[in-house]
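Student:
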Amino acid sequence: MSLYASGNQTVGPYLHIGLDWLTTRDIAARGAKGERVAIEGRLLDGEGVGVSDGLVEIWQANSHGKYAHPQDQQKKRLERGFRGFGRIPTDDQGAFRFTTIKPGRVPGPGATLQAPHLVVAVFMRGMLKHLATRIYFPDEQSNAEDPLLKLVPPARRATLIAKRKAKSALEWNIILQGKNETVFFDF
Amino acid sequence: MNKRAAAKRGELPRYRSFHPGTQPEYNYPPYASTQKRCPTQPLVVAPQTLSELTGPVFGYGDIKPTDNDLTRQHRGEPIGERIVVSGRVLDENGKAVPHTLVEVWQANCSGRYPHRTDQHDAPLDPNFSGAGRTMTDAEGRYRFVSIRPGEYPWRNHYNAWRPAHIHFSLFGPAFLTRMVTQMYFPGDPLLEFDPMYNSIADQKARIRLISVFDWENTVPEWALAYRFDIVLRGRDATPMEP
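For the record, the sequence lines run as chains R and X. Heads up, the first sequence is in our numbering, so the first residue is 1 and it goes up one at a time. Heads up, the second sequence is in our numbering, so the first residue is 1 and it goes up one at a time.
So, in structure tokens, the structure goes:
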């Protein structure tokens, strides 16, 4: 039997009613190993206005580079209590903030290794299907050999790399349109 | 290629691309708000890696068994027509998606959400919050009890009204199977004027967002029932060559 996937539809303006119960701003709450970081930024529309009815979801590996998922069959350590999932609604100014640990490297296509990254899904009113993007880390040599970053036009790569604001504080914005438009992926 | 060895190297069967016309475009002018919220640069086509072929895993411990009954969240019963909404979650290969989280939210029977930005002049119902969740069972089945949501106006165009709908959010087994959609009701005269419903170009795909009156699951003397099956992205049969 072969079917086609159902059509996506917008979360609409009242997404909070259904989705806020699972808000997770501290992705590595329970003693997870790794370098702790706070990541904050804003979700901005085509006029540079913050999107107040939006939501970002994060998916990431632990600091050993292992996903808490049965299909990750790497011989790396799982950490009890580390799910690797974040859900962060934007506030009235379109701002979001979460804390986590920097993930380890995970395999890429062929024999490549990916640079540490967080996978991001972006939802909002006015968007009929969520967008997929990634957050990479600053001062990370392996970014130069990351198989996905290499596919991005060099001038746009910076939109995927968080900026360091303080020792353990990073800034990463989602810019939907314009000069510094964030790179979104089609998988 | 040996499947297990391929899996160890992180090479898993890839998810199929969406069939043309079955998904909305980011830039869809009839839904005015898409104009300032759609990317203007083309998406970067990327290989599916372990990061996208995995995704968050939720369990029965994340929800309460009663979370699928939206009529039992307050002291009294909500006003409205009680309904049972159930169905199966399948993948594109027709295989059940078991033990996956399903989240729903909806307006009350007068078309009002208990949300500070909903200013529609219709009564709130102190006995209805409009949110629920459940896990699919081993065969991918889910079931909610709720009340039929009302239609409501919005400001997209002159005299715009949303057809009655229930928002659905699903995860499936991977980041790539994440889906948010809306379930509509059969025979709703507003559907043909609704930009969101019409954003799905393919007619068959559009119609699949309309639930089916479900005689079999009605509860005599108590509730009517609607069936809504959801199909998530499915994988190709064989792992992709590196």
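We treat Cβ as the ideally placed atom computed from N, Cα and C, and that holds for glycine.
Which runs of the alpha helix (DSSP H), 4 residues or longer, sit entirely within the segment 33-94 of chain X?
Tutor: Taking only runs of at least 4 residues, the alpha helix (DSSP H) segments lying wholly in the segment 33-94 of chain X are 50-53.
Student: Check Gly21 of chain X in the structure and name its three-state DSSP category.
Tutor: coil
Student: I need the straight-line Cα distance from Asp118 of chain X to Gly130 of chain X, nearest angstrom please.
Tutor: 13 Å
Student: Using a Cβ-Cβ cut-off of 7 Å (strictly less than) and excluding sequence neighbours within five positions of Asp186 of chain R, which residues of its own chain qualify?
Tutor: none
Student: Against His19 of chain X, what residues of chain R qualify as contacts under a CB-to-CB distance less than 9 Å, listed in chain order?
Tutor: Within 9 Å Cβ-Cβ: Tyr4, Ala5.
Student: Mind checking the segment 142-168 of chain X against chain B and listing, in chain order, the residues whose C-beta falls within less than 9 Å of any C-beta there?
Tutor: Protein chains R and X are contained in the structure displayed, whereas chain B is not.
Student: Which residue from R:Trp172, R:Leu78, R:Leu128, R:Trp59 puts its Cα closest to that of Cys38 of chain X?
Tutor: R:Leu128
Student: Measure how close the beta-carbons of Val57 of chain X and His64 of chain R come, nearest whole angstrom, since I'm counting them as under 8 Å.
Tutor: The pair is not a contact, with the Cβ atoms about 17 Å apart (cut-off 8 Å).
Student: I'd like the list of long-range same chain contacts for Thr136 of chain X, defined as Cβ closer than 7 Å, with 5 residues on each side in sequence excluded.
Tutor: Val89, Val97, Pro98, His99, Thr100, Val102, Tyr142
Student: Would you call Tyr60 of chain X buried or exposed, if buried means 16 or more other Cβ atoms sit within 10 Å of its Cβ?
Tutor: exposed
Student: Whole angstroms is fine: what's the gap from Gln93 of chain R's alpha carbon to Thr66 of chain X's?
Tutor: Going by the C-alpha atoms only, they are around 35 Å apart.
Student: Judging by CA-CA distance, which residue of R:Asp26, R:Gln74, R:Thr24, R:Asp45 is the nearest neighbour of Gly178 of chain R?
Tutor: Cα-wise, what sits closest to Gly178 of chain R is R:Asp45.
Student: If the cut is a Cβ gap below 9 Å, which residues of chain X does Glu47 of chain R touch?
Tutor: Lys36
Student: Less than 6 Å between C-beta atoms, sequence neighbours within five positions excluded: which residues of the same chain meet that for Phe96 of chain R?
Tutor: So the qualifying residues of the chain are Val56, Ile88, Thr90.
Student: First and last residue of the alpha helix (DSSP H) that includes Ala132 of chain R?
Tutor: Where Ala132 of chain R is concerned, there is no enclosing alpha helix (DSSP H), although the beta strand (DSSP E) it sits in stretches over 131-136.
Student: Mind checking Lys66 of chain R: buried by the 16 CB within 10 Å criterion, or exposed?
Tutor: buried
Student: Straight-line CA distance for Val6 of chain R to Met124 of chain R?
Tutor: Note on identity: in this sequence residue 6 of chain R is Ser, with Val being the wrong assignment. Approximately 19 Å between the Cα atoms of the pair.
Student: Could you run through the segment 168-196 of chain X and flag, in chain order, every residue whose CB is less than 7 Å away from some CB of chain R?
Tutor: Hits within the stretch, in order: Ser169, Phe175, Leu176, Arg178, Met179, Val180, Thr181, Gln182, Met196.
Student: Report yes or no: is there a C-beta of chain X within less than 9 Å of the C-beta of Pro107 of chain R?
Tutor: yes
Student: Thinking just about the alpha-carbon of each residue, which of X:Pro20, X:Ser146, X:Tyr15, X:Gly234 is nearest to the one in His167 of chain X?
Tutor: X:Ser146
Student: Determine, for Asn93 of chain X, whether the minimum Cβ-Cβ distance to residues of chain R falls below 9 Å.
Tutor: yes
Student: Using the three-state DSSP reduction, which class does Met1 of chain X fall into: helix, strand or coil?
Tutor: For Met1 of chain X, the pLDDT reaches just 45, beneath the cut-off of 50, and the residue's location in the model is therefore unreliable, leaving the point undetermined.
Student: Tell me, to the nearest whole angstrom, how far the beta carbon of Arg164 of chain R is from that of Pro138 of chain R; I am working on the premise that it is less than 8 Å.
Tutor: 5 Å
Student: Residues in the same chain with beta-carbon distance under 8 Å from Arg156 of chain R, minus the five sequence neighbours each way, listed in chain order, please.
Tutor: Glu181, Val183
Student: Do Pro78 of chain X and Cys109 of chain X come within 9 Å of each other at the CB atom, strictly closer than that value?
Tutor: yes
Student: Quick one: what's Tyr142 of chain X bridged to in DSSP?
Tutor: X:Gly87
Student: Would you list the one or two residues that DSSP bridges to Ile161 of chain R?
Tutor: R:Tyr136
Student: Name, please, each residue of chain X whose Cβ falls closer than 8 Å to the Cβ of Asn8 of chain R.
Tutor: Contact of Asn8 of chain R with chain X by beta-carbon distance below 8 Å involves Gln23, Pro24, Met179, Val180, Thr181.
Student: Compile a chain-ordered list of the residues in the segment 11-34 of chain R whose CB is closer than 9 Å to at least one CB of chain X.
Tutor: Val11, Gly12, Pro13, Tyr14, Leu15, His16, Ile17, Gly18, Leu19, Asp20, Trp21, Leu22
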